[in-house]
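Notes for the one structure printed next.
Number of protein chains: 2
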Amino acid sequence: MVVAELSPSYTKTSLHSSQLSFFSSRLSDHRRISLPRPQNGRRVVCSVASNQVQAPSPVQTEEAKTKGDCYGVFCLTYDLEAEDETKSWKKLINIAVSGAAGMISNHLLFKLASGEVFGPDQPIALKLLGSERSLQALEGVAMELEDSLFPLLREVNIGIDPYDVFQDVEWALLIGAKPRGPGMERAGLLDINGQIFAEQGKALNAVASRNVKVMVVGNPCNTNALICLKNAPNIPAKNFHALTRLDENRAKCQLALKAGVFYDKVSNVTIWGNHSTTQVPDFLNARINGIPVKEVIKDTKWLEEEFTEKVQNRGGVLIKKWGRSSAASTAVSIVDAIRSLVTPTPEGDWFSSGVYTNGNPYGIAEDLVFSMPCRSKGDGDYELVKDVIFDDYLLRRVTKSEAELLAEKRCVAHLTGEGIAVCDLPEDTMLPGEV
Amino acid sequence: MVVAELSPSYTKTSLHSSQLSFFSSRLSDHRRISLPRPQNGRRVVCSVASNQVQAPSPVQTEEAKTKGDCYGVFCLTYDLEAEDETKSWKKLINIAVSGAAGMISNHLLFKLASGEVFGPDQPIALKLLGSERSLQALEGVAMELEDSLFPLLREVNIGIDPYDVFQDVEWALLIGAKPRGPGMERAGLLDINGQIFAEQGKALNAVASRNVKVMVVGNPCNTNALICLKNAPNIPAKNFHALTRLDENRAKCQLALKAGVFYDKVSNVTIWGNHSTTQVPDFLNARINGIPVKEVIKDTKWLEEEFTEKVQNRGGVLIKKWGRSSAASTAVSIVDAIRSLVTPTPEGDWFSSGVYTNGNPYGIAEDLVFSMPCRSKGDGDYELVKDVIFDDYLLRRVTKSEAELLAEKRCVAHLTGEGIAVCDLPEDTMLPGEV
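In the order they appear, the protein sequences are chains A and B. Read in the UniProt record's numbering, the first sequence has 116 at position 116, and its numbers run on one by one without any break. Read in the UniProt record's numbering, the second sequence has 21 at position 21, and its numbers run on one by one without any break.
The following block contains the structure:
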């Protein structure tokens, strides 16, 4: 076991050597120590490069153990309140990202760190969750975050145990999921990923902020979110989201293309239901330049037969053209989804999110995670939009997606604490281009 | 040959059907037409989906031909001056990006489009340059840009001919370069990439804005930039940059780590010379909390023997850990480099850029692209910083990098119009992890 010695310049900080603890041996290089909070409640952390590590007796603290492993320059002491440029900043927020070594995260983390999501006065701590296999890659990501010198990014921790990584997080962006193996059906995927999200739900329940907002991106995201919230009974179910924002964005783009208008003219687009091929991009309530879409796009056949397919095939077309899945635009849609919760929704508009059905005004079955139209005051919370209309066509399709989600729920009963799972998923409804 | 018919909703725009032209057959899907500028000078473009394409007689215009191929929703009509939200915006700027289907661009393009580089009131037109081989991938990138619904991103064109793509561009971010083949020396790389940059220089000279700012990222970037500017005699040589900002950022991070301070406390870091292993991260003039680095970090041996290596090995370590090269942090450093030219440099600080030596105050050989300390008023231009000091150690190393750049220049004389090339590059000075 090795212990830390302060580097010469260290005396310039207010760090006390008695606060030193020795570090976990989990990480291979550039390991740093988390230090216990000093009496005044401000967190102080210390930097030791591995070649400066020597003698004295280790002081292991409980808190250092549960904080996960801070990385490199992000273990350094700072005091935001002592600096002119930073003293007006908000309180640091902790954001966990799972699947942190993957391609979506590789876009998302840099957006979070740059300030474009939470604003220029919101310092950020990133908690990166990976797997044993991806730990080296996580260090690579942390290195690139170091080299980017983002002023707002004050802490980066990496780890593989959600009980460490989710400690005190105010946001959990759950991107990591196992991809479908060869020949695997949605039911199989539900089971293997459901287990991950059950564990992560338990971890959030145990260690996250009591008002953590959870955004599930890993597929099948609606039912993963349901499993997650069922395993986190002490966190409000309303705080869990399944990402359908990329679908919404794609739907807006296709409506704009068809109408011959720029995409900023399209509003009030709802994605209803499951993030699968049963999802319903709603053109009945959508508007173009404030006018109902059906008054602008008179081609009903296109709306009813081609529009949804165009939205859903987007990922598949992209993989064919670009050879990769849509990491960049998925990351943008996660940013959009978060921003929609932390900034007030523009007057008269709404956004889609897969949220828990509990007293919803549309008659959708309760106790599901279902994508519906939401509005936010910008406080992180949302309310469902009431003034939407249904016709037979829309209702029939929403009902079909509801039936699928009910079937998915029966299929994961063993993971939600509701008895024995019964899987009767008739068809593969994974979206093209998704895994 | 096919020609365009307006979609039904098209009558809602102010487009005149006489402005229609038929489109190039270069792209396989979602092709759109660039239309000629109307009399009032405002550009009007039109959208046609391929399944709406039918009869009448084509009207091909010169301008449509030279504008390259606009993509999808970005071919739609809009009028920024007619909208409340956009009429206070600045004039649209055209930004070309080469290697647009590569990983660095996959990060950079979304940063440009989101507004985080040029600000929230600067509408953007992206001109994506790829190769025959990458054309499908370019379409994939354009699709993801469509699906991201960035309000500021108003036009996206894709193409493989720099004479099309560079038309009227105000920024040219030259990222694309051929990677080193197996066993290829720097001299070989200089030749094959030099030819690309000679052609791109000629194209910029012919069709770009007369004050275009050019940032060369593709390696070997200094000499590529020199070749480029020599082939563009009608564009001020001062407008050409070779990217050394990632090196500067990495140097700041390493100094911060060593000093035990957060990286925002490190300033005045110069990268001198070539973006290669002869580059000189300058700790003599650098400051930490405003104090000369050598007064903060007393470990001279570390500064002289380990610091530079740590900066230079960063890319190699990253590839080992993460399995990929540092696309994300490179893109961040390109953003930093652009921002440093379009926002005023903070009082007393500076930034590094590889720029043309022409009357430099340091006694560095003229007629090279050499990384030096710069300051900007934020107008896109820069001036060299005069108040830097040299000691024997720094001077010796700067001289070595200068010698290398002079040798590289002799090696590409056939591409700069200076006679017969003589290659006497003694060693491989590519940075670890770069291609």
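Glycine residues also receive a C-beta, built at the ideal position from the N, C-alpha and C atoms. A quick note: this is a predicted structure, and the numbers were derived from the prediction, not measured.
Span separating the alpha-carbon of residue i from that of residue j
| i | j | result |
| --- | --- | --- |
| A/G433 | B/N274 | 43 Å |
| B/P151 | A/I227 | 36 Å |
| A/V340 | B/G176 | Here residue 340 of chain A is Ser; the residue named in the question, Val, does not match the sequence. One C-alpha to the other measures close to 36 Å. |
| A/L76 | A/D147 | 15 Å |
| A/V266 | A/I288 | 4 Å |
| B/L415 | B/T357 | 19 Å |
| A/L243 | A/I334 | 7 Å |
| B/V169 | B/I93 | 7 Å |
| B/L257 | B/A203 | 44 Å |
| A/M103 | A/K178 | 14 Å |
| B/L80 | B/W89 | 8 Å |
| B/E404 | B/T278 | 8 Å |
| A/G363 | B/A142 | 39 Å |
| B/L128 | B/S134 | 11 Å |
| A/I389 | A/E383 | 17 Å |
| A/E305 | B/S326 | 43 Å |
| B/D191 | B/E427 | 16 Å |
| A/V217 | A/G99 | 10 Å |
| B/K91 | B/K298 | 51 Å |
8 Å Cβ cutoff, residue i in contact with chain A
| i | result |
| --- | --- |
| B/N106 | yes |
| B/S25 | Only weak support exists for where B/S25 lies, its pLDDT of 32 falling under 50; the value from the coordinates is given anyway. No, because no Cβ of chain A sits closer than 8 Å to the Cβ of B/S25. |
| B/C253 | yes |
| B/E116 | yes |
| B/S326 | yes |
| B/L128 | no |
| B/F262 | yes |
| B/Y78 | yes |
| B/L431 | no |
| B/V169 | no |
| B/L246 | yes |
| B/G72 | yes |
Residue i at chain B interface by Cβ criterion, 8 Å
| i | result |
| --- | --- |
| A/G290 | no |
| A/Q279 | no |
| A/F110 | yes |
| A/N249 | yes |
| A/V422 | no |
| A/A206 | no |
| A/L318 | yes |
| A/A256 | yes |
| A/V412 | no |
Where residue i meets chain B, residues with beta-carbon distance less than 9 Å
| i | result |
| --- | --- |
| A/L190 | In chain order: nothing, as chain B lies at least about 27 Å away. |
Listed by chain order, chain B residues near residue i by CB distance under 8 Å
| i | result |
| --- | --- |
| A/W322 | A101, Q136, A137, E139, G140, V141, M143, E144 |
| A/R314 | M143, D147 |
heavy atom of the ligand ZN below 7 Å from residue i C-beta
| i | result |
| --- | --- |
| B/K252 | By its list of ligands, the structure shown contains no ligand whatsoever, and the ligand ZN lies outside what it can speak to. |
Cβ-based burial, residue i [other Cβ within 10 Å; buried from 16]
| i | result |
| --- | --- |
| A/I271 | buried |
| B/R397 | buried |
| B/K386 | exposed |
| B/A328 | buried |
| B/L246 | buried |
| A/N106 | buried |
| A/Q162 | Correcting the residue identity first, residue 162 of chain A is Pro in this sequence and not Gln. The residue is buried, with at least 16 neighbouring Cβ atoms inside 10 Å. |
| A/K409 | buried |
| A/N224 | buried |
| A/T330 | buried |
| B/V422 | exposed |
| B/D282 | buried |
| B/N234 | exposed |
| residue 520 of chain A | Residue 520 of chain A is absent from the model: chain A starts at 1 and stops at 435. |
| B/T345 | buried |
Where residue i meets chain A, residues with beta-carbon distance less than 7 Å
| i | result |
| --- | --- |
| B/S329 | E144, D147, S148 |
| B/V332 | F110, S148 |
Proximal residues of chain B, C-beta to C-beta of residue i below 7 Å
| i | result |
| --- | --- |
| A/P151 | D264 |
Which complete alpha helix (DSSP H) runs does the segment 322-406 of chain A hold, if anything under 4 residues is left out? 327-342
What are the complete alpha helix (DSSP H) segments, minimum 4 residues, inside the segment 259-310 of chain B? 293-296
Problem set entry | Segments assigned beta strand (DSSP E), at least 3 residues, entirely inside the segment 98-130 of chain B | 124-129
**Asked** Which runs of the beta strand (DSSP E) spanning at least 3 residues fall entirely within the segment 223-251 of chain B, listed in chain order?
**Response** 240-242
Review point. Which parts of the segment 167-212 of chain B are runs of the beta strand (DSSP E), unbroken and 3 residues or longer, counting only runs that do not cross its ends?
Key: 171-174
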